Amino acid sequence: MDKRPNVLMIVVDQMRRDALGVNRPGFVHTPHLDRLAQEGVNFTRAYSSCPTCIPARAALFTGLSQENHGFTGYDSNPEWRYRTTLAGTLASAGYHTQCVGKMHVEPARNLMGFHNVVLHDGFLHDKRKKYNNPAEYDDYLPDVRRIMGPSFDIDEPGPGCNGYAVRCWPWDERLHPTAWVVSRSIDFLSRRDPTKPFFLMTSFHRPHTPYDPPPSYFSMYEGREMPEPYTGDWDGFIGCYSSPENPIPSEKYYRDRARRAYCALVSQIDYELNRLFIALGDAKLWDDMLIILVADHGDMLYDHGMVRKSQPFEGSAGIPLFVRYPRYMREGRCGVTDTRLAEIRDVFPTICDACGIPVPEGLDGRSLMRDGEVHRSIHGEHPAGDSSNQWITDGHEKYCWFSQSGRELLFDIDEDPHESHDLSKSRPERLSFWRSKLIEELEWRPEGYVAGGKLQAGRPACSSQLWAGKGRGV
4 MDKRPNVLMI
14 VVDQMRRDAL
24 GVNRPGFVHT
34 PHLDRLAQEG
44 VNFTRAYSSC
54 PTCIPARAAL
64 FTGLSQENHG
74 FTGYDSNPEW
84 RYRTTLAGTL
94 ASAGYHTQCV
104 GKMHVEPARN
114 LMGFHNVVLH
124 DGFLHDKRKK
134 YNNPAEYDDY
144 LPDVRRIMGP
154 SFDIDEPGPG
164 CNGYAVRCWP
174 WDERLHPTAW
184 VVSRSIDFLS
194 RRDPTKPFFL
204 MTSFHRPHTP
214 YDPPPSYFSM
224 YEGREMPEPY
234 TGDWDGFIGC
244 YSSPENPIPS
254 EKYYRDRARR
264 AYCALVSQID
274 YELNRLFIAL
284 GDAKLWDDML
294 IILVADHGDM
304 LYDHGMVRKS
314 QPFEGSAGIP
324 LFVRYPRYMR
334 EGRCGVTDTR
344 LAEIRDVFPT
354 ICDACGIPVP
364 EGLDGRSLMR
374 DGEVHRSIHG
384 EHPAGDSSNQ
394 WITDGHEKYC
404 WFSQSGRELL
414 FDIDEDPHES
424 HDLSKSRPER
434 LSFWRSKLIE
444 ELEWRPEGYV
454 AGGKLQAGRP
464 ACSSQLWAGK
474 GRGV
């Protein structure tokens, strides 16, 4: 029997770093995940460099930065072709690999190195337009239609896939996508190859909108006073896109209702995961599991008047990340808060390190098991129309440049973790320092962000780059 640790990687879509009770007590109720984080290493300065689903998952699956995996923003068109992937590396090393839930790759059934994927990416307009049969891009919907009938659809509850209107789930909780992902993950435990260690990626679509928590979870937050969204002395120059399909309520009651629904969806994930934890315990697998929790990006959740992601601020780019090691590896790694700078690309080499698998050459991520500095700084970016941005941080200060307008922001994250005070005018020497660092990051880029040693505003920002990756990218 192979004695290397089994691996559970929990991936949550659009979960802010502070949407974990251990990171922000009193905001979100996550007792099971909090306990798990307290048994491991909690990385409190972890980021997603390009904070939307597609580029973040490219970094997670490949261990590469955006300059090398090729996605600088959300682009659902390029076909994903990578020589080296996390699941493929573990499969080649003898692991039985399985994903349940969200992948968000192209084509939809691209295995990305997994032996098998039980798929649910949520409501994706491009997939619905491209495929005639839902079974071509989704396993959840055909499964639930066997119970609910052939006319049942993913959007049945009513709220849009990117809006902040709320309606509680009106059917059996076991039919909710979050519960379905856990049930199918538990199924894998009895179907796995018992002669091999396994790598299970349990990947949730929620708390990404639609906001449709079951009533039992929404009731946890009804009548409970919500903390006010964070504000700053720089707010107001970035607006919120809204549409009839995906409205963004601005009235305080409905704004707070949306934030309660977000918290309820996170709590649902927490409680549903405990079903999986119990199943792992029953199978005598729990103590010697390597467990990682990570999100692809966050959600501004009305902080600074914004919602969704793609922005450089903590609510959007800051992600939860913790690693709970097998029992025999926990000495010095239990109950630790790690403030080193980390990024989603670091998950790949960390898993390899913990499993005794050589880290593939050429990865940009670094193993979080190693002592010392992980990254001196992280460069992030995202095309977002008028609010397209480039940013750089060392985990203590953060510099943001909005590439269309040329607007600059500077924050001292140590003193001002909620980014309430723009220091770009009061600390010109630090502004100049970080501007020069960003110029170093961008001076080779073909978009023309830098000319004559200076940042150039107004240059078109692209979501994916065919020049990226030196043959490794899309």
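If you're matching positions, the sequence shown starts at 4 in this note's numbering and goes up one per residue. Built from N, CA and C at the ideal position, the CB exists for glycine as well. Everything numeric in this text was worked out from a predicted model, so none of it was measured.
Cβ pair C53, G383 closer than 8 Å: yes
Proximity of G166 and P81 at Cβ, strictly below 8 Å: no
S154 CB to nearest heavy atom of the ligand ATP below 7 Å: By its list of ligands, the structure shown contains no ligand whatsoever, and the ligand ATP lies outside what it can speak to.
8 Å contact criterion, which W172 and P216 should meet: CB distance rounded: 6 Å
Cα-Cα separation between L412 and D175, rounded to whole angstroms: 47 Å
The segment 97-113 contacting the segment 301-308, beta-carbon criterion three pairs below 8 Å: no
Proximal residues to T92 (C-beta, below 8 Å), its chain only, five neighbours per side dropped: G116, F351, C355, I360, P363
Three-state secondary structure assigned by DSSP to F316: coil
Under 8 Å between C-beta atoms of I13 and T181: no
Endpoints, the beta strand (DSSP E) within which M332 is located: Where M332 is concerned, there is no enclosing beta strand (DSSP E), given that its DSSP letter is neither H nor E.
Sub-8 Å separation of D273 and L36 beta-carbons: yes
A345 in three-state terms, based on DSSP: strand
Under the three-state DSSP convention, the category Y224 falls into: coil
Through-space distance from G152 to G97, alpha-carbon basis: 40 Å
Proximity of G43 and Q468 at Cβ, strictly below 8 Å: no
Straight-line Cα distance separating P213 from G474: For G474, the predicted model reports a pLDDT of 39, less than 50, meaning its position is unreliable; a value from the coordinates is still stated below. Approximately 37 Å, taken between the alpha carbons.
E400 - containing beta strand (DSSP E), residue span: 400-405
Same chain, Cβ closer than 6 Å to D341, neighbours up to 5 away in sequence not counted: V44, F46
Beta strand (DSSP E) runs wholly inside the segment 158-204, at least 3 long, in chain order: none
Closest residue to R379 among A345, W404, Y402 (Cα-Cα distance): A345
C-beta atoms of D367 and G66 nearer than 8 Å: yes
The segment 10-26 / the segment 317-326 touching (three or more Cβ pairs under 8 Å): yes
Which listed residue (Y143, F240, C102) has its alpha carbon closest to that of D1: Residue 1 lies beyond the residue range present for the chain, which begins at 4 and ends at 477; the question has no answer from this structure.
Run of the beta strand (DSSP E) containing A411, from where it starts to where it stops: With the sequence shown as reference, residue 411 is identified as Glu, and Ala is not the correct amino acid for it. First-last of the beta strand (DSSP E) with E411: 411-415.
Beta-carbon contacts of W237 that lie in its chain and below 7 Å, excluding the five residues immediately before and after: L412, D425
Segments of 3+ residues assigned as beta strand (DSSP E) that fall wholly inside the segment 34-62: 44-46
Length of the line joining the Cα atoms of D397 and N9: 33 Å
Reference D5; option with closest CA among T33, H99, A286, R27: H99
G125 vs H208 beta-carbon contact at 8 Å: yes
CB contact flag (E450, P463, <8 Å): yes
Rounded straight-line distance, which links the Cα of T87 to that of Y331: 29 Å
Counterpart residues of E16 in DSSP-defined beta bridges: Note that residue 16 is Asp in the sequence shown here, rather than Glu. D16 pairs with P210.
Counted within 10 angstroms of its Cβ, other Cβ atoms place G24 as buried (16 or more) or exposed: buried
Extent of the continuous alpha helix (DSSP H) to which L434 belongs: 431-445
Three-state secondary structure (DSSP) of T88: coil
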